[in-house]
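Line order of the protein sequences matches chains A and B. Numbering (the UniProt record's numbering) for the first sequence: 1 to 230. Numbering (the UniProt record's numbering) for the second sequence: 1 to 230. Below is one structure, written out as structure tokens, with a few remarks after it.
There are 2 protein chains.
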Amino acid sequence: MLLYQVIRNHIQSLVAEGRLQAGSKLSSERALQEQFNSTRITVREALARLESEGVIFSQKRRGWFVTPDKLKWHPARKVNFNALAQKQGFVPSTEVIEIQSPSNTHQVSHDYFDSKPVYKLTRARYLDGRGILIEEIYCLADRFEGLEQQPLNGSITQVMEHSYQVNVSHEKCEISVTVLPDRAAELLEKNSGAPCLKVQRARYDEHQALVDYNIEFWLHDAIEMIIEGK
Amino acid sequence: MLLYQVIRNHIQSLVAEGRLQAGSKLSSERALQEQFNSTRITVREALARLESEGVIFSQKRRGWFVTPDKLKWHPARKVNFNALAQKQGFVPSTEVIEIQSPSNTHQVSHDYFDSKPVYKLTRARYLDGRGILIEEIYCLADRFEGLEQQPLNGSITQVMEHSYQVNVSHEKCEISVTVLPDRAAELLEKNSGAPCLKVQRARYDEHQALVDYNIEFWLHDAIEMIIEGK
DNA sequence: CAGTGGTCTAGACCACGAT
DNA sequence: TCGTGGTCTAGACCACTGG
Chain A
1 MLLYQVIRNH
11 IQSLVAEGRL
21 QAGSKLSSER
31 ALQEQFNSTR
41 ITVREALARL
51 ESEGVIFSQK
61 RRGWFVTPDK
71 LKWHPARKVN
81 FNALAQKQGF
91 VPSTEVIEIQ
101 SPSNTHQVSH
111 DYFDSKPVYK
121 LTRARYLDGR
131 GILIEEIYCL
141 ADRFEGLEQQ
151 PLNGSITQVM
161 EHSYQVNVSH
171 EKCEISVTVL
181 PDRAAELLEK
191 NSGAPCLKVQ
201 RARYDEHQAL
211 VDYNIEFWLH
221 DAIEMIIEGK
Chain B
1 MLLYQVIRNH
11 IQSLVAEGRL
21 QAGSKLSSER
31 ALQEQFNSTR
41 ITVREALARL
51 ESEGVIFSQK
61 RRGWFVTPDK
71 LKWHPARKVN
81 FNALAQKQGF
91 VPSTEVIEIQ
101 SPSNTHQVSH
111 DYFDSKPVYK
121 LTRARYLDGR
131 GILIEEIYCL
141 ADRFEGLEQQ
151 PLNGSITQVM
161 EHSYQVNVSH
171 EKCEISVTVL
181 PDRAAELLEK
191 NSGAPCLKVQ
201 RARYDEHQAL
211 VDYNIEFWLH
221 DAIEMIIEGK
């Protein structure tokens, strides 16, 4: 058996047997290196595999930790992130990174909003203090005038319903696997190049008019999407 | 700028400018090492990042290649894989790996089919000769008696409709990012530990009875899922 | 300030692919 | 058989975290 597989299996079984709890810190790379009479390159190979599998994760220069359970996410349902996360036993929080004044210079504005001015809202979401999602939300400036004065750390869908009488009736969703853009990696304190699930959603009202366009970058090990179709 | 980022950017721009066509082979790792006065470790760091991004891919010991376009896949629609792939300019093919005689010893049989005997069909699917998907299909043995005599390299949905008068009316789909199981990696000639998109689908007929249960492992750089909801 | 992870050097051996 | 990628050794320096 390959050495890095031995190290991998060892850590994996520690986690499986519960001897390493979710969120707890692993031994340092150099300690593992000594424990297995190996080198850091090989140890890091094992750690990288475990990270791909979603068993462990790293935060920049802080160390390696056991990955908590994944959030089960229903993108098509208009469920509140906070409520859903709480129901699954997490402590959720949301941080508004920035809201950009109406502008028509975004690519998204050109592609989806007929080059009209749009708001761009950037948020980060956390579970138990761990950053797991960066999202960008674009919506028409004149339809959602004064959006920057609304509470933006909760459900945008609810704000649209209650303050603007706009209802989302259906959506089109594109899902792919890629890496975090550098800016998102920074915000989530991940190394550049961390894999992620990218979800792009165009949401429409009952008149087939585009309500908003969202780009979400989820840590690949933090989410399981559930979709009920047809 | 970090050295591996320099190498990464160099290859990325070669691809972006079209000087490296989709499917074509990159220089060998040792050639790149010399070109950048570096070491193979660093070169491989750059290649690994590009692979995560979906720009290049490797096949076991064969080398590194430029990733072709992604297949746009609509899991909820009853579209034929072959037809969809052809419409997007690919040459698709399907290989039956094995069909297991009815058995009630699978975990899936226990969890989803009330421990009744099920068929297990394993298939691989290819685009332009590149293996991109391993899928396992489970269905009730007594409902699909003689399934092993049906043509199994096309659409299973169509076989179910035409030969068994069973129609899929809705489905529940779970999507997550993980790594290929070793068996799947072998079949697709990928290194163990290659990232993938795992799609589990339970499909039901109009009487809410489970028709089949599928587990699909897609190469992470080969698919973009498109879902229209609500 | 000590220890950690992130990056990098300069080699090596082996199994497998292409030829 | 030769070159390739896959694995591995034995170090090094730096930036940053945490005490």
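Glycine included, every Cβ here is placed at the ideal spot set by N, Cα and C. As the structure is a computational prediction, the values presented were derived from the model and not from experiment.
### Query
What distance in whole Å lies between the Cβ atoms of Y119(A) and Y138(A), which are believed to be in contact at a cut-off of 8 Å?
That pair is a contact at about 7 Å.
### Message
Does N214(B) pass the burial test, meaning 16 or more other C-beta atoms within 10 Å, or should it be called exposed?
### Response
Buried: at least 16 other Cβ atoms inside 10 Å.
### Message
Output needed in chain order: residues of the stretch 182 to 212 of chain B with a Cβ under 7 Å from some Cβ in chain A.
### Response
Residues G193, P195, L197.
### Query
At a Cβ threshold of 9 Å, is R49(A) touching chain B?
Taking 9 Å as the threshold, the shortest C-beta distance from R49(A) to chain B falls below it.
### Query
Cα separation between Q59(A) and Q100(B)?
Looking at the two C-alpha atoms, the distance is approximately 44 Å.
### Query
Which parts of the stretch 175 to 207 of chain B are runs of the alpha helix (DSSP H), unbroken and 4 residues or longer, counting only runs that do not cross its ends?
If only complete runs of 4 or more residues are kept, the stretch 175 to 207 of chain B shows the alpha helix (DSSP H) at 182 to 187, in order along the chain.
#### Entry: Spatial neighbours of M160(B) in its chain, beta-carbon cut-off 6 Å, leaving aside the 5 residues before and after
Closer than 6 Å at the Cβ level, and outside the excluded window around M160(B), lie V166.
### Query
Are the C-beta of P75(B) and some C-beta of chain A separated by less than 9 Å?
Yes, P75(B) counts as interfacial toward chain A.
### Query
Is the stretch 215 to 228 of chain A touching the stretch 190 to 197 of chain A, taking contact as three or more C-beta pairs under 8 Å?
With a cut-off of 8 Å, the stretch 190 to 197 of chain A and the stretch 215 to 228 of chain A count as touching, because enough Cβ pairs lie within range.
### Message
Quick check on the DSSP output: what are the complete alpha helix (DSSP H) runs of length 4 or more inside the stretch 27 to 81 of chain B, in order along the chain?
### Response
Complete alpha helix (DSSP H) runs here, min 4: 29 to 35, 40 to 53.
### Task
Report, in whole angstroms, the separation of the C-beta atoms of S169(A) and E206(A), which I expect to be a contact under 8 Å.
At roughly 4 Å, the Cβ-Cβ gap stays under 8 Å, so S169(A) and E206(A) are in contact.
### Query
CB of D69(A) to nearest heavy atom of the ligand PLP: below 8 Å?
Within the structure as shown, the ligand PLP is missing, as the structure has no ligands at all.
### Task
Might you give, ordered along the chain, the residues of its own chain that have their beta carbon closer than 8 Å to the beta carbon of E95(A), omitting 5 neighbours on each side?
So the qualifying residues of the chain are R123, A124, R125, Y126, N153.
### Task
For T178(A), return the contacting residues in chain B, with the cut-off set at a CB-CB distance below 9 Å.
Per Cβ cutoff of 9 Å: S52, E53, G54, H220, D221.
### Message
Checking the sheet assignment: what are the DSSP bridge partners for D212(A)?
### Response
C139(A), R203(A), per the DSSP bridge assignment.
### Query
By Cβ distance, which residues of its chain are closer than 7 Å to E45(A), with the 5 residues on each side in sequence left out?
Correct list, in chain order: Y4.
### The beta strand (DSSP E) enclosing R123(B), as first and last residue numbers
Note, R123(B): beta strand (DSSP E), 118 to 127.
### Task
Could you name the residues of the stretch 68 to 97 of chain A whose beta carbon sits closer than 9 Å to any beta carbon of chain B, in the order they occur along the chain?
Against chain B - using a Cβ distance shorter than 9 Å - the residues of the stretch 68 to 97 of chain A are K70, K72, P75, A76, R77, K78.
#### Entry: Simplified DSSP assignment, three categories, for S163(B)
In this structure, DSSP gives S163(B) a helical state, which the three-state scheme calls helix.
### Message
Please list, in chain order, the chain A residues whose beta carbon lies closer than 8 Å to that of E224(B).
### Response
The answer, in chain order, is E174, I175, S176.
### Query
How is the beta strand (DSSP E) around S101(A) delimited, first residue to last?
In the DSSP annotation of this structure, the continuous segment of the beta strand (DSSP E) that includes S101(A) starts and ends at 92 to 103.
### Task
Verify the CB distance criterion: does I41(A) have a CB-CB separation below 9 Å to chain B?
Contact of I41(A) with chain B is assigned, a C-beta pair being separated by under 9 Å.
### Query
Going along the chain, which residues of its own chain have a beta-carbon closer than 8 Å to the beta-carbon of S24(A), five neighbours each way excluded?
Taken in chain order, the residues that qualify are F65, V66.
### Query
Between E148(B) and the rest of its own chain, which residues show a CB-CB distance below 7 Å, the 5 nearest in sequence each way excluded?
The answer, listed in chain order, is I99.
### Message
Which of the three DSSP states is assigned to H110(B) in this structure?
### Response
When secondary structure is reduced to three states using DSSP, H110(B) falls in the helix class.
### Query
Are the CB atoms of L50(A) and I41(A) nearer to each other than 9 Å?
Here L50(A) is not near I41(A), since their CB atoms are 9 Å or more apart.
### Query
Does DSSP put E224(A) in a helix, a strand or coil?
In the structure shown, E224(A) sits in a strand (DSSP, three-state: E or B).
#### Entry: Nearest-angstrom Cα separation, counted from G18(A) out to Q12(A)
Between Q12(A) and G18(A), the C-alpha separation is close to 10 Å.
### Query
Do you know offhand how far E29(B)'s Cα is from V43(B)'s?
Approximately 7 Å, taken between the alpha carbons.
### Query
How big is the Cα-Cα spacing for K70(A) and A22(A)?
Going from the Cα of K70(A) to the Cα of A22(A) covers about 11 Å.
### Task
Count the other CB atoms, across all protein chains shown, that sit within 10 Å of the CB of V179(A); report buried if there are 16 or more and exposed otherwise.
Buried: at least 16 other Cβ atoms inside 10 Å.
### Query
Looking at the structure shown, is L20(B) part of a helix, part of a strand, or coil, going by DSSP?
DSSP places L20(B) in coil when its eight states are reduced to three.
### Task
Name, in chain order, the residues that DSSP records as bridge partners for L133(B).
L133(B) pairs with R125(B), W218(B).
### Message
Please identify the residue among K78(A), W73(A), G229(A), T39(A) whose C-alpha is closest to the C-alpha of Q158(A).
### Response
Residue K78(A) is the option with its Cα nearest to Q158(A).
### Query
Distance, Cα to Cα, P102(A) vs Q35(B)?
About 47 Å.
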